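Novice: Could you have a look at this structure, given as structure tokens, before my questions?
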Amino acid sequence: MGVTKLLSYTLGILMWQMSSACTSFQLQSTTLGNRVFTALSDDSSRQKGLDTGRASYVTSDGAGEMYLYHVILEGGAGRWVMSDVLGELNLAVAYVDSWAIMPTLIHSLGM
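Okay, so the sequence shown: first residue is 2 according to this note's numbering, each after it adds one.
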């Protein structure tokens with residue numbers, strides 16, 4: 002196998018691992034508890050006007066359904082929002098201003 006094919010094959014595996022690495026994750030919070038989020042379909046996000054190129058997530062682990070999604074604010078800032086209504090901007094449970102491409106790259110949420 003040539004160097005170019007090997008590099009291409011390796012990059013392909015890394016990209017697959019990165020894209021599939023965040024289909025679900027666990028949020029650990031002293032306030033919100035430990036919640037497991039799972040990625041929603043892209044169609045579910047787009048129907049609510051969420052089209053920032055980032056996945057939206059839902060948890061329904063018995064403590065009530067909660068969503069985590071990315072929005073772009075009027076001033077152009079990116080924000081990850083947690084709410085019990087997908088796409089809601091004004092009734093957030095938690096948020097963080099961030100352009101992180103995945104929620105696993107966010108270090109803390111503002112409450």
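We put the beta carbon where it would ideally sit given N, CA and C, even for glycine.
Remember, predicted model here, so these are calculated numbers, not experimental data.
By Cβ distance below 7 Å, which residues in the same chain neighbour I73 in space, the five residues on each side in sequence not counted?
Specialist: One-based indexing of the sequence shown puts residue 73 at position 72. So the qualifying residues of the chain are T53, G79.
Novice: Using the C-alpha atoms, what's the distance from L41 back to Q48?
Specialist: Taking the first residue of the sequence shown as position 1, residue 48 is located at position 47. Taking the first residue of the sequence shown as position 1, residue 41 is located at position 40. Spanning the alpha carbons of Q48 and L41 requires a straight line of approximately 12 Å.
Novice: Between the C-alpha atoms of D62 and G77, what's the straight-line distance to the nearest angstrom?
Specialist: In the sequence shown, the residue the question calls residue 62 occupies position 61. In the sequence shown, the residue the question calls residue 77 occupies position 76. When rounded, the distance between both Cα atoms is 33 Å.
Novice: Drop a sphere of 10 angstroms on the beta-carbon of L15, count the other beta-carbons inside from all chains shown, and report buried for 16 or more, exposed for fewer.
Specialist: As a first step, residue 15 must be located in the sequence shown, where it is residue number 14. Because L15 carries a pLDDT of 35, less than 50, the predicted location of this residue cannot be relied on, and the following value inherits that uncertainty. Exposed, since its Cβ has fewer than 16 Cβ neighbours within 10 Å.
Novice: Closest to N35 by CA distance: which of A64, S45, D43, L51 is it?
Specialist: Locating residue 35 in the sequence shown gives position 34, where the first residue counts as 1. It is A64 whose Cα lies nearest to the Cα of N35.
Novice: For F26, which residues from the same chain have a beta carbon less than 7 Å from its beta carbon, with the 5 sequence-adjacent residues on both sides left out?
Specialist: For the purposes of this step, residue 26 is taken as residue 25 along the sequence shown, with counting starting at 1. The residues are F38, P104, T105.
Novice: Using C-beta distances below 6 Å, list every residue in its chain close to A56, excluding the 5 sequence neighbours before and after it, in chain order.
Specialist: Here the question's residue 56 lines up with position 55 in the sequence shown. Contacts found: A40.
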